[in-house]
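> Right, I'll just put the structure down here and ask away after.
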Amino acid sequence: MIPVGRNTLIGRTFHLHTSTLLFAHKLLAYAFFVGALVHGITYYSFVASLISASAASQSEFVVDNPTVSVAESATGGPLSNLVLPTGVFSFALTLVVTVTSLPALRRKNFNTFYFIHVIFVAIILILTCIHASTNFYFLLPGVLLWVADWVWRVRNSLVTRTEAVVENAGNGWVRVRLRSEHARSASDGEKGAGAMSSSTTPVLATYYINFPRISKVELHPFTAASTGTADTGPVLLFQRGPERKKAKQTAKEFTWAVAAAADNSAGMASTLQVYVTLKTAPVNNADVTAGSS
């Protein structure tokens, strides 16, 4: 379990880019799914062998948990009877998480992917700990990293409320202009995390934007098309996503909803309240020296 939140402790400690952590996260996740599948197939091969065995052999082993005998299971407590159902249920949830994480489905229904990922994974963690008590010790490092990520977010209070100017840039493109203070707020947005003291925001800074008028829970990452100056704020640029089959689904999709806010202003720029979280990318001193030479 490698948390890939924007403030992940691993990324900050080893100066790893989010894309690197995402690759490792996906690689481990797919390996976990394959391992769980092999584990399940192996179990059912045991069941097939047990059914064809003699009655004496069948009475010695528990079908739900082939690693213990009937006598051992009697002293295992009530949770020892939940090995099979927790295993089956957690694999079913893992299958749903894996399928909704595939790029084709994730890009088309990101909110579905996100909430299934967060809710189902939490349930899977609990079920796997019940399925085998030693799983808790394997999950503990990842859980601690996840907790550290959230503690850092809460303590540093990175969210800033401001106004953004939304403009229709034509051909399905939308331009979002943030206020000028965000062009000078790298140190404010990164306090407690080794903030850069430069007077301008680094080019690779990531802006996490929430439009409460459109959704109170969606938080979208952007890299500025223009970082702006002391007088003009950073400019974010994005294109509307593909149109859905149903008009109601299209209207609710984030990029279409923001574009509609610009279109409804009769050709004039529209001003929306936004919440901005700023994260600067890890900087490697060797890269900076090479770039300046």
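When we follow UniProt numbering, the leftmost residue of the sequence shown carries the number 1, and every step to the right adds one.
Glycine included, each C-beta is placed from N, C-alpha and C at the ideal position.
1) Where does HIS131 fall in DSSP's three states?
2) At what residues does the alpha helix (DSSP H) containing GLY11 begin and finish?
3) Rounded to the nearest angstrom, what separates SER185 and VAL274 at their Cα positions?
4) When burial is assigned at 16 or more other CB atoms within 10 Å of the CB, is SER198 buried or exposed?
5) At the level of alpha carbons, what is the spacing between LEU272 and GLU167?
6) Give me the Cα-Cα distance between SER80 and THR86, rounded to the nearest whole angstrom.
7) For the stretch 25–40 against the stretch 97–107, are there 3 or more C-beta pairs whose distance is under 8 Å?
8) Go to GLY170, then tell me how far its beta strand (DSSP E) extends in each direction, as first and last residue.
9) Quick one: is ASN65 buried, meaning 16 or more other Cβ sit within 10 Å of its Cβ, or exposed?
10) Tell whether a beta-carbon distance below 8 Å holds between LEU237 and ALA169.
11) Which partner residues of GLN273 appear in the DSSP bridge assignment?
12) Are at least three pairs of beta-carbons, each pair with one atom in the stretch 208–221 and one in the stretch 243–259, less than 8 Å apart?
13) In the structure shown, what three-state DSSP assignment does VAL174 receive?
14) For the putative contact between PHE61 and VAL70, defined by C-beta atoms under 8 Å, what is the C-beta separation to the nearest angstrom?
15) Measure the C-alpha to C-alpha separation of LEU139 and LEU21 and round it to an integer number of angstroms.
16) Does SER54 come out as helix, strand or coil in the three-state DSSP assignment?
17) Thinking C-alpha only, which one of ASN111, LEU105, LEU127 and LEU9 is nearest ALA92?
18) Taking all protein chains shown into account, decide if ILE209 is buried (16 or more other Cβ within 10 angstroms of its Cβ) or exposed.
19) Would you report the Cα separation of VAL97 and ALA36, rounded to the nearest angstrom?
20) For TYR207, count neighbouring C-beta atoms within 10 Å of its own C-beta (all shown protein chains included) and say buried if the count is 16 or more, exposed if not.
21) What's the C-alpha gap between THR134 and ASP149?
22) Tell me which same chain residues have a C-beta within less than 7 Å of the C-beta of LEU9, skipping the five on either side of it?
23) Give the range of the beta strand (DSSP E) segment to which VAL235 is assigned.
24) Using CA atoms only, rank isn't needed, just tell me which of ARG213, SER226, ILE214 and PHE211 is closest to LEU204.
25) Thinking C-alpha only, which one of GLY172, TRP152 and PHE33 is nearest GLN239?
26) Give every residue of the same chain whose Cβ lies closer than 6 Å to the Cβ of ARG244, excluding the five residues on either side of it in the sequence, and list them in chain order.
27) Taking buried to mean at least 16 other C-beta atoms within 10 Å of its own C-beta, is PHE211 buried or exposed?
On the basis of the coordinates in this document:
1) As a position in the sequence shown, residue 131 is number 131, starting the count at 1. Note: HIS131 maps to helix in three-state DSSP.
2) In the sequence shown, the residue the question calls residue 11 occupies position 11. Segment 9–14, the alpha helix (DSSP H) holding GLY11.
3) Position 185 of the sequence shown, counting from 1, holds the residue named residue 185. Position 274 of the sequence shown, counting from 1, holds the residue named residue 274. Because SER185 sits at a pLDDT of 47, beneath the cut-off of 50, its placement in the model cannot be relied upon, and the point is left open.
4) Sequence index remark: in the sequence shown, residue 198 carries index 198 (1-based). Residue confidence for SER198 is low, a pLDDT of 41 falling below 50, so the modelled location carries little weight and cannot support an answer.
5) In the sequence shown, counting from the first residue as 1, residue 272 sits at position 272. In the sequence shown, counting from the first residue as 1, residue 167 sits at position 167. One alpha carbon belongs to LEU272, the other to GLU167, and they sit about 11 Å apart.
6) In the sequence shown, residue 80 corresponds to position 80, counting from 1. In the sequence shown, residue 86 corresponds to position 86, counting from 1. Rounded to the nearest angstrom, the gap between the Cα atoms of SER80 and THR86 is 10 Å.
7) yes
8) Translated into the one-based positions of the sequence shown, residue 170 becomes position 170. 160–170 is the extent of the beta strand (DSSP E) around GLY170.
9) Translated into the one-based positions of the sequence shown, residue 65 becomes position 65. Classification for ASN65: buried.
10) As a working note, residue 237 is residue 237 in the sequence shown. As a working note, residue 169 is residue 169 in the sequence shown. Taking 8 Å as the Cβ cut-off, LEU237 and ALA169 qualify as a contacting pair.
11) Working through the sequence shown from its first residue, we reach residue 273 at position 273. DSSP lists GLU163 as partners of GLN273.
12) yes
13) The residue given as residue 174 occupies position 174 in the sequence shown. Residue state, collapsed to three classes: strand.
14) For the purposes of this step, residue 61 is identified with residue 61 of the sequence shown, where counting begins at 1. For the purposes of this step, residue 70 is identified with residue 70 of the sequence shown, where counting begins at 1. Going by Cβ atoms, the distance from PHE61 to VAL70 rounds to 7 Å, so yes, they are a contact pair.
15) As a working note, residue 139 is residue 139 in the sequence shown. As a working note, residue 21 is residue 21 in the sequence shown. Their Cα atoms are separated by approximately 17 Å.
16) Locating residue 54 in the sequence shown gives position 54, where the first residue counts as 1. If DSSP states are grouped into helix, strand and coil, SER54 belongs with coil.
17) Along the sequence shown, read from residue 1 onward, the residue named residue 92 stands at position 92. For ALA92, the nearest C-alpha among the options comes from LEU127.
18) Counting from 1 along the sequence shown, the entry for residue 209 is found at position 209. Looking at its Cβ environment, which holds 16 or more other Cβ atoms inside 10 Å, ILE209 is buried.
19) For the purposes of this step, residue 97 is taken as residue 97 along the sequence shown, with counting starting at 1. For the purposes of this step, residue 36 is taken as residue 36 along the sequence shown, with counting starting at 1. Taking the straight line joining both Cα atoms gives about 13 Å.
20) For the purposes of this step, residue 207 is taken as residue 207 along the sequence shown, with counting starting at 1. Classification for TYR207: buried.
21) Taking the sequence shown and counting its residues from 1, the one referred to as residue 134 is at position 134. Taking the sequence shown and counting its residues from 1, the one referred to as residue 149 is at position 149. So the alpha carbons of these two residues sit roughly 24 Å apart.
22) Start at 1 with the first residue of the sequence shown, and residue 9 comes out as number 9. Hits under 7 Å: LEU145, ALA148 and ASP149.
23) Position 235 of the sequence shown, counting from 1, holds the residue named residue 235. Per DSSP, VAL235 belongs to the beta strand (DSSP E) from 235–239.
24) As a first step, residue 204 is located in the sequence shown; it is residue number 204 there, counting from the start. Distance from the Cα of LEU204 is smallest, within the candidate group ARG213, SER226, ILE214 and PHE211, for SER226.
25) Residue mapping note: residue 239 aligns to position 239 of the sequence shown, counting from 1. Checking every option, the nearest Cα to that of GLN239 belongs to GLY172.
26) Along the sequence shown, one-based indexing puts residue 244 at 244. Taken in chain order, the residues that qualify are THR250.
27) What you label residue 211 is simply residue 211 of the sequence shown in a count that begins at 1. Buried: at least 16 other Cβ atoms inside 10 Å.
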